[in-house]
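Notes follow once the structure below has been shown.
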Amino acid sequence: MKDARIIPISLPTPFAVGDVNIYLVRGEALTLVDAGPNTKEAAAVLKKELADQGLSLNDIDQVVLTHHHADHAGLLDEFPAGVKIIGHPFNEPYISQNPDFIEKQKSFFTYLFQRFGVPGDMKPPGLTVKASYRFSCNRTLTETVSEGAQIDGLEGWRVLETPGHATSHIVLYHEELGSMLGGDLLLKPSSSNPLLEVPQKGGKRPTPLLDYLESLGRLQELPLNIIYPGHGEEITTVNKLVAKRLEKQRNRAEEVYRILSEKTHSPYQICQKLFPAVYEKELFLTMSETIGQLDDLESQGRIGAETANGIDYYYAK
Ligand SMILES: [Zn+2]
């Protein structure tokens, strides 16, 4: 059942995903879950929707970010300096556009894509990094949260860390109501893309699909009546949708295994076979997806990798 204290606000985005949903939660504090993209159009719609509730941006006490992506965080730039901005610590370098971090991203992905066998004449990963900040913001978290945290003014809601789509991803879970403010953890119109990121804790690169599968596993364990998602309509048949997403992923992993059973391939060569129509245009997205499947098969011990001439080649065991 929908909760009258949760008011969805749909904002236009310049991205292929279409509109983003942010949520006004009326509790002891006035909270917005996510802000929207940094565009004039989104700002105008947000102000109008708030005005319809008798509110302005100045009335919002706090914004809780489900994750750092520009379509969710960018519009923070419109908010007055006093607003509280709350999220997982991994949001920080993205929403503040930390120059050292951006340089690290560029060099990390350039190196990584070489290892994956992506030819030098493809779109440089640095450009993709730059583009990802285009509709983002220049703000800083005023408060960080992690697993189990409760947020002042949002009584009954608890933070669950749900990485995968982004390392910074959290959801808000209301146990009593069986409700979740879910960000991009589970969406009806499309599957959430587990995206490659720079490691923030140091060490090895994150394994986004493995993290995502674990996060979906957590969803299956919770008694949920409704998820208020970041895109598309509310989800009331959570387990059914999770099962559908898991099946699609398993099928894709099997496809990768079949390709590798024939002969060894670099990740880039697999990517070309999995996504022949879109890999050039959507290189970062399709490579993230490909690496996800390789991480999954490798974690099951079904494939291995060897390096030749600086490129990783995967083989079926
Ligand atoms: Zn996202």
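Counting in full-length UniProt numbering, the sequence shown runs from 1 upward without gaps. Quick reminder that beta carbons are idealized off the backbone N, C-alpha and C, glycines included.
Whose CA, out of the options, lies closest to the CA of residue i?
i: residue 116; options: 316, 273, 269, 304; result: 269
i: residue 157; options: 126, 5, 250, 112; result: 5
i: residue 76; options: 57, 89, 255, 311; result: 57
i: residue 313; options: 233, 291, 221; result: 291
i: residue 317; options: 243, 23, 259; result: 259
i: residue 265; options: 248, 40, 253, 306; result: 306
i: residue 35; options: 103, 28, 49; result: 49
i: residue 127; options: 137, 139, 108; result: 108
i: residue 94; options: 150, 251, 199, 124; result: 199
i: residue 332; options: 44, 59, 63; result: Given that the chain is displayed from residue 1 to residue 317, the structure contains no residue 332 and the question cannot be resolved.
i: residue 298; options: 285, 254, 28; result: 254
i: residue 52; options: 33, 235, 67, 24; result: 24
i: residue 249; options: 212, 227, 221, 233; result: 212
i: residue 179; options: 185, 149, 225, 131; result: 225
i: residue 19; options: 203, 184, 150, 176; result: 184
i: residue 287; options: 296, 83, 267; result: 267
Could you check what DSSP says for residue i in three-state terms: helix, strand or coil?
i: residue 122; result: coil
i: residue 316; result: strand
i: residue 131; result: helix
i: residue 253; result: helix
i: residue 206; result: coil
i: residue 72; result: helix
i: residue 43; result: helix
i: residue 32; result: strand
i: residue 200; result: coil
i: residue 23; result: strand
i: residue 144; result: strand
i: residue 10; result: strand
i: residue 158; result: strand
i: residue 106; result: helix
i: residue 84; result: strand
i: residue 179; result: strand
i: residue 229; result: strand
i: residue 305; result: strand
i: residue 111; result: helix
i: residue 17; result: coil
i: residue 94; result: helix
i: residue 238; result: helix
i: residue 53; result: coil
i: residue 212; result: helix
i: residue 222; result: coil
i: residue 270; result: helix
Just to confirm, is the Cβ distance from residue i to residue j under 7 Å?
i: residue 87; j: residue 65; result: yes
i: residue 208; j: residue 195; result: yes
i: residue 71; j: residue 162; result: no
i: residue 135; j: residue 37; result: yes
i: residue 182; j: residue 223; result: no
i: residue 44; j: residue 11; result: no
i: residue 22; j: residue 9; result: yes
i: residue 145; j: residue 160; result: no
i: residue 123; j: residue 274; result: no
i: residue 285; j: residue 138; result: no
i: residue 245; j: residue 191; result: yes
i: residue 29; j: residue 120; result: no
i: residue 17; j: residue 174; result: no
i: residue 129; j: residue 105; result: yes
i: residue 242; j: residue 219; result: yes
i: residue 27; j: residue 147; result: no
i: residue 188; j: residue 233; result: yes
i: residue 68; j: residue 98; result: no
i: residue 256; j: residue 300; result: no
Within 7 Å of any Cβ in chain B, is that where the Cβ of residue i sits?
i: residue 97; result: Here chain B cannot be found, since the structure has a single protein chain.
Can you list, in chain order, every residue whose CB sits closer than 7 Å to a heavy atom of ligand 1?
Listed by position in the chain, the residues whose beta carbon lies within less than 7 Å of some heavy atom of ligand 1 are 67, 69, 71, 72, 165, 166, 184, 230.
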